[in-house]
Amino acid sequence: MSPSSFLGYDLRVKRTIKRQPGPAFTPALDAWPDAGVYQLWIELRRPLRVTVGALGLIHFTRGMYVYTGRARRGLRARVLRHVRGAQRLHWHIDYLLAEQAARVGEVLLASWDPNDECRVNRAAADGRVAVPGFGASDCRNNCPGHLWNVC
Ligand SMILES: [Zn+2]
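When we follow the working numbering, the leftmost residue of the sequence shown carries the number -5, and every step to the right adds one.
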């Protein structure tokens, strides 16, 4: 992903979602590596009931959520996929982000090492786990979930 194509993305978001600024990437997306751990800061502007794949119907309260994920390659494409909305719902987080009321406010590069995923995830554990097992299908470290409700 070149900086210019990222800029194109940014302009498109601004056109289609006029009142919502695009998410802030920290650092700027063109500085991201190909592999690593990311965190999405997600605002739910109203309570939601969402069917999340095999987890079934989940009730989310209004508030801020932090999701931790990783990519072993294609990290920038992964986070852009989250922000733009997935064509095909695959990960648990896709179901939540498909909702109009869920807005990604910030996308953080948390580590260049994909193996840090669960350590980074647990550092967000000041909140309560939003949904047991959410985003943790591939987790081998017994995290209660990879989505936290932080306020
Ligand atoms: Zn984990």
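We put the beta carbon where it would ideally sit given N, CA and C, even for glycine. Here the structure is a predicted model, which is why all the values come from computation and not from measurement.
{"Asked": "Straight-line Cα distance separating Arg66 from Val31", "Found": "9 Å"}
{"Asked": "N-terminal and C-terminal residue of the alpha helix (DSSP H) that Glu111 is part of", "Found": "Glu111 to Ala117"}
{"Asked": "Rounded C-alpha distance that separates Glu37 from Arg122", "Found": "15 Å"}
{"Asked": "Cβ contact check for the segment 19 to 29 and the segment 78 to 88: 3 or more pairs under 8 Å", "Found": "no"}
{"Asked": "Sequence-distant residues of its chain with Cβ nearer than 6 Å to Arg40 (five each side left out)", "Found": "Arg56 and Ala95"}
{"Asked": "Rounded C-alpha distance that separates Cys145 from Ala118", "Found": "12 Å"}
{"Asked": "Check whether His76 and Val46 have beta carbons under 8 Å apart", "Found": "no"}
{"Asked": "Beta-bridge pairing of Gln33 - partner residues as DSSP gives them", "Found": "Thr62 and Leu102"}
{"Asked": "Close beta carbons around Leu49, own chain, < 8 Å, minus the five adjacent residues each side", "Found": "His86, Val125, Gly127 and Phe128"}
{"Asked": "Sequence-distant residues of the same chain with beta carbon closer than 8 Å to Ala18, five excluded per side", "Found": "Gly99, Glu100 and Val101"}
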